[in-house]
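Data first, discussion second: the structure below is written as structure tokens.
Chains as they are written, first to last, in my numbering: chain A, 66 to 563; chain B, 76 to 565.
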């Protein structure tokens with residue numbers, strides 16, 4: 066059954082491309098089918114596991130839902146895909162076809178990556194999903210689209226190669242080429258020969274894909290430039306691939322994950338502060354809505370890396386960090402997708418994204434204002450909305466195993482000295498806790514830019530650009546409501562059981 | 076005396092081994108005679124018979140045995156058939172550049188000579204001694220010289236022919252010289268474990284001298300083989316010849332002739348395999364030389380391709396770069412090397428042939444082989460453009476295509492051999508850089524097809540049926556063979 070989650074979008078894309086069926090309708094059909102199938106798979110009982118889901122005509126497949134994060138990522142993928150396709154609005158018929166094909170291939174690639182048991186397939190599906198991103202930015206992007214597309218191609222191409230090298234060394238030293246055999250190898254006590262090298266390569270490769278500071282400069286322009294469905298799917302879903310990979314591999318190594326990533330942990334903590342604070346300030350300075358959202362998405366990745374660092378510092382026992390990361394990945398994916406969707410609608414209404422030239426849109430389109438407010442507040446981390454659950458869990462998890470005066474990261478490695486000096490000054494806070502204290506300011510920063518953007522766009526007098534606003538189509542409203550519904554639902558009932 | 080010589084030369088060959096070779100030679104002779112005696116016969120029939128002959132031989136080889144070298148034979152036969160069929164689509168330009176105008180006269184050999192070359196390749200695959208190896212390799216090369224310079228009214232083609240001839244003659248010289256050293260140091264032309272073992276054992280002063288001479292012999296022989304595969308420093312001819320030669324011939328050179336080159340390398344390297352282990356002095360030298368050659372080939376091929384604007388020249392550099400990835404298999408040869416080489420060559424052959432077909436189509440209809448001539452194909456011919464994208468993506472090593480699996484193998488082999496030869500770690504960043512460079516230059520064509528708007532005077536390309544079928548089959552092959560291994564739990 067799992068194979069259909071990949072095959073349906075691919076077949077639909079082929080129909081649109083080769084048989085010239087109408088783009089949006091075919092894509093909607095495919096996204097609807099995968100939504101239903103995906104929800105069934107997500108809700109399927111865990112003990113059914115491998116046999117009943119991952120075979121095709123009797124042949125066993127290398128797809129499974131056995132990994133801890135698979136279900137939640139699958140859920141995110143099908144939800145965002147459906148909303149992206151529902152809200153798809155292309156300039157003309159040909160463009161609609163290309164957009165639909167790209168969105169479907171992107172979603173198929175992401176689904177494949179999140180379900181693959183084979184490590185090479187896991188890598189391969191992600192690469193496949195990147196291609197439509199580049200093509201779409203290059204063909205239909207806003208602004209200086211070709212330069213942006215090339216920058217992203219080079220960054221991500223190189224990062225993928227570094228990642229591939231890391232994965233290959235890992236697999237070859239562990240003699241395991243799938244996550245399940247890797248887990249078996251770890252159980253059997255096999256240890257990689259050069260763990261620090263592998264950890265470094267993985268962190269650099271996955272990190273660049275998730276726009277870890279200072280390798281983040283490709284991301285914000287790319288999201289700002291990409292057509293709406295592509296920005297939704299890439300920022301919302303595909304970017305989580307890197308964190309999914311890091312958490313999965315660290316989770317498989319369990320209490321031995323310190324060998325791989327431990328010595329990079331302090332460096333990672335410093336870099337993620339770069340994401341939260343540096344990129345945070347960059348975000349505050351943006352004057353265009355799309356640039357601001359692109360940067361904000363980069364900024365929030367810092368919290369996910371914080372969860373990862375806490376997981377590693379807890380030697381793989383910090384279940385809370387994993388749980389928090391899962392929730393935040395889901396929540397951030399939904400909220401940023403909704404924000405990009407609304408950005409597309411705002412642009413369609415006002416034909417501009419300059420914050421200064423908009424204003425008073427809420428008077429013309431109160432529905433849009435309400436949705437944007439909801440998504441913005443979710444992104445800031447307001448309680449009872451999905452992001453809060455994730456962020457709060459991560460913040461708690463940073464203190465999970467902490468006893469005053471103890472330093473969680475014991476290994477003597479990069480940056481341990483400055484951290485321990487600081488730690489003694491500050492009442493024995495460990496590196497993770499120290500970082501958290503600084504990273505919390507990110508919440509304030511995101512409140513500043515998000516609320517300011519809301520004020521600029523929706524409040525005050527009706528500006529010239531907003532006066533053009535007409536009314537939203539039903540599909541626009543439903544697509545936004547669909548995502549908003551899940552943001553609220555997961556805020557009240559965080560899906561911790563998945 | 077006669078018996079003595081035959082002991083020196085022959086491995087235990089049987090006539091039966093050479094049946095496919097004879098079949099092709101006889102077919103080629105018949106076609107040449109037909110062309111000579113029936114000049115009015117349309118050349119189309121010659122081309123079709125020749126291509127069918129090649130395909131038939133390929134089928135026979137598949138049915139015959141699954142030995143890895145036979146796989147190379149299948150690839151070579153298939154590639155020859157495809158280049159002959161491409162030559163048929165290319166008829167307009169062939170006629171124009173050979174006889175002038177629309178006249179088909181004197182173009183018969185253009186369709187039959189590839190058969191002779193293909194027969195040479197099949198014969199080569201059976202060689203277990205240097206004489207047969209050399210003779211069959213020369214059959215391939217001589218036919219290729221003629222073909223490369225076949226368009227005598229086209230300056231580029233003539234230049235390509237002469238360059239190829241002169242540089243090729245030099246490599247032939249190296250090969251013969253190497254064979255002489257080989258015979259001088261071992262007293263035999265046979266390529267066997269015993270010969271190598273005796274030659275490299277060393278110990279006494281006299282046998283140490285033998286080791287030196289034997290290494291010299293092998294260096295020269297490998298240099299000759301490097302010329303055929305386009306490994307640095309014997310790569311200089313490739314971009315010029317690929318660019319200048321008629322496109323069907325470039326296809327033949329890029330695929331079939333390169334396959335022949337790797338077959339030579341495999342045959343030469345086979346007796347060495349048990350000796351490439353840490354601890355043997357010669358092994359260290361061997362690994363170093365191949366690692367350096369592979370690294371240089373990767374760098375020069377892939378970085379050289381970055382700045383190219385001519386699609387054929389780009390493919391020339393790309394073929395050097397791809398050879399670099401294949402050479403990585405040869406650094407630490409093992410029993411799996413022939414299979415992996417064949418696998419990589421299959422991926423390379425399918426994709427490269429498809430791209431050459433596309434180039435030929437663009438050349439005949441838009442009159443240019445520049446990358447810019449692909450402009451707007453994504454708009455005017457969306458389906459064809461997509462098939463070309465698949466081929467290019469496979470060359471670049473995009474996942475879920477066969478090219479990815481091939482490149483992945485190359486990385487895996489390197490990572491595995493790093494456990495025995497730690498210094499090979501240096502190659503890893505080079506390979507990463509080159510693979511990333513591949514994304515840049517192959518995507519240049521994709522970019523031209525999708526990002527550049529067609530000019531007002533550009534009408535949609537008329538896709539000839541052969542081209543359409545070949546492009547579709549190649550693309551389907553690349554995707555199916557590239558996806559199945561990852562999805563199915565085999």
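We put the CB at the ideal spot given by N, CA and C, even for glycine.
Chain A contact residues for residue 536(B), given Cβ-Cβ distances below 9 Å: Neighbours of residue 536(B) on chain A: none; closest Cβ ~17 Å, over 9 Å.
Neighbour flag for residue 513(A) against chain B, beta carbons, 8 Å: Taking Cβ atoms only, chain B never reaches closer than 8 Å to residue 513(A), which makes this a no.
Nearest neighbour of residue 115(B), chosen from 217(B), 182(B), 393(B) and 356(B) [CA to CA]: Minimum Cα distance to residue 115(B) is reached at 182(B).
Cβ shell of residue 296(A) (< 6 Å), same chain only, five flanking positions each side left out: Result list for residue 296(A): 288 and 405, in chain order.
Alpha-carbon to alpha-carbon, residue 340(A) and residue 277(A): Approximately 7 Å between the Cα atoms of the pair.
Contact set between the region 191–204 of chain A and chain B, restricted to residues whose Cβ is under 7 Å from the partner: Result list: 192, 193, 196, 200, 203 and 204.
CB contact check: residue 171(A) to chain B, cutoff 8 Å: Interface residue (Cβ-Cβ distance to chain B less than 8 Å): residue 171(A) is not classified as such.
Neighbourhood of residue 474(A) by C-beta distance below 6 Å, restricted to the same chain and skipping five residues each side: Per-residue confidence for residue 474(A) stands at a pLDDT of 47, beneath the threshold of 50, marking its modelled position as unreliable; no derived number is given.
Neighbourhood of residue 91(B) by C-beta distance below 6 Å, restricted to the same chain and skipping five residues each side: Excluding five sequence positions before and after residue 91(B), none of the CB atoms of its chain fall closer than 6 Å to its own CB.
Beta strand (DSSP E) runs contained entirely in the region 154–179 of chain A, provided each spans 3 or more residues: If we require 3 residues or more, the region 154–179 of chain A turns out to have no beta strand (DSSP E) run fully inside it.
Check whether residue 247(B) and residue 289(B) have beta carbons under 8 Å apart: If you check the CB distance, residue 247(B) and residue 289(B) do not come in under 8 Å.
Contact under 8 Å by Cβ, residue 325(A) with residue 369(A): No. Outside cutoff.
Partner residues on chain A for residue 470(B), Cβ-Cβ distance less than 9 Å: Result: empty, since nearest Cβ-Cβ is about 14 Å, beyond 9 Å.
Same chain, Cβ closer than 8 Å to residue 535(B), neighbours up to 5 away in sequence not counted: Sequence-distant Cβ neighbours of residue 535(B) in its own chain, meaning closer than 8 Å and more than five residues away, are 455 and 456.
Short Cβ contact (8 Å threshold) for residue 331(B) with residue 499(B): The answer is no: Cβ separation not under 8 Å.
Below-8 Å beta-carbon distance, residue 189(A) vs any chain B residue: Residue 189(A) counts as touching chain B.
Residue 353(A), DSSP secondary structure in three states: Looking at residue 353(A) - three-state DSSP - the assignment turns out to be strand.
Proximity test, Cβ basis, 8 Å: residue 183(A) and chain B: With 8 Å as the cut-off, residue 183(A) counts as an interface residue toward chain B.
Where residue 259(A) falls: helix, strand or coil (DSSP): It is coil, neither helix nor strand.
Rounded separation between residue 346(A) and residue 99(A) - CA only: The alpha-carbon atoms of residue 346(A) and residue 99(A) are separated by roughly 39 Å.
Buried or exposed by the 16-neighbour rule on C-beta atoms within 10 Å, applied to residue 281(A): So residue 281(A) ends up on the buried side.
Option in 147(B), 155(B) and 105(B) with minimal Cα separation from residue 322(B): 155(B) is the residue among 147(B), 155(B) and 105(B) whose C-alpha sits nearest the C-alpha of residue 322(B).
Cβ-based neighbour list, residue 190(A), same chain, cut-off 7 Å, excluding 5 preceding and 5 following: 174, 177, 178 and 181.
Pick from 231(A), 283(A), 186(A) and 183(A) that is closest to residue 214(A), judged by C-alpha positions: For residue 214(A), the nearest C-alpha among the options comes from 283(A).
Cβ of residue 135(A) within 8 Å of any chain B Cβ: No, residue 135(A) does not count as interfacial toward chain B.
Residue 502(A) versus residue 349(A): straight-line alpha-carbon distance, rounded: Note on geometry: alpha-carbon atoms of residue 502(A) and residue 349(A) lie some 20 Å from one another.
Distance, residue 412(B) Cα to residue 253(B) Cα: Going from the Cα of residue 253(B) to the Cα of residue 412(B) covers about 24 Å.
Proximal residues, the region 372–405 of chain B versus chain A, C-beta separation under 9 Å: Cβ contacts with chain A come from no residue of the region 372–405 of chain B.
Opening and closing residue of the alpha helix (DSSP H) in which residue 91(A) lies: Here the alpha helix (DSSP H) through residue 91(A) covers 88–108.
Reference residue 445(B); option with closest CA among 386(B), 377(B), 478(B) and 487(B): Taking only the C-alpha atoms, the option nearest residue 445(B) is 386(B).
For residue 204(B), the residue or residues it bridges with in DSSP: As DSSP reads the structure, residue 204(B) sits in a beta bridge with 265(B).
Buried or exposed by the 16-neighbour rule on C-beta atoms within 10 Å, applied to residue 456(A): Counting the other CB atoms within 10 Å of its CB gives residue 456(A) a total of 16 or more, which places it among the buried residues.
7 Å Cβ cut-off: residues of chain A touching residue 507(B): Close partners of residue 507(B) in chain A (Cβ separation under 7 Å): 226, 227 and 230.
Interface flag, residue 208(A) vs chain B, CB-CB below 8 Å: For residue 208(A), the answer is no, since every Cβ of chain B falls outside 8 Å of its Cβ.
Spatial neighbours of residue 76(B) in its chain, beta-carbon cut-off 8 Å, leaving aside the 5 residues before and after: Only weak support exists for where residue 76(B) lies, its pLDDT of 45 falling under 50; the value from the coordinates is given anyway. There are no such residues.
Cα-Cα separation between residue 209(B) and residue 250(B), rounded to whole angstroms: Distance between the alpha carbons of residue 209(B) and residue 250(B): 8 Å.
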